[in-house]
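S.K.: Here it is: the structure, laid out below.
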Amino acid sequence: MSTETTCQDVASILMVDDNPVNLQVLNSMLKQSGWRPRPVTSGQLGLQAARNEPPTWFCSTSTCRR
């Protein structure tokens, strides 16, 4: 039996932030900790990503606007 971990086996974290530097730093930290980060730059993209593949966790530092 294989002990390799696939992307589907790793818990994903959908990250929403309009600041690419924040996303890059958090993305790097989460990958090093064994998570599968999914960074997006807007709430609209975050909703679309969550519909397409529901995340295990969700993290947002963006301000919600209508």
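Take the sequence shown: its position 58, counted from the start at 1, is 44 in the numbering used here, and no numbers get skipped. A virtual CB, placed ideally from N, CA and C, is assigned to each residue, including glycine.
1. May I ask you to list the residues that DSSP assigns as paired with Met1?
2. I'd like to know whether the C-beta atoms of Ser23 and Asn13 end up nearer to each other than 9 Å.
3. Under 9 Å between the Cβ atoms of Ile(-1) and Thr27?
4. Given Ala35, which residues of its chain have a CB within under 7 Å of its CB, disregarding the five upstream and five downstream residues?
5. Taking the beta carbon of Val11 as the centre, do at least 16 other beta carbons fall within 10 Å, making it buried, or is it exposed?
M.R.: In short, the structure shows the following:
1. Pro25 and Cys45
2. Looking at the sequence provided, one finds Pro at residue 23 rather than Ser. Contact: yes.
3. no
4. Leu0, Arg24 and Val26
5. exposed
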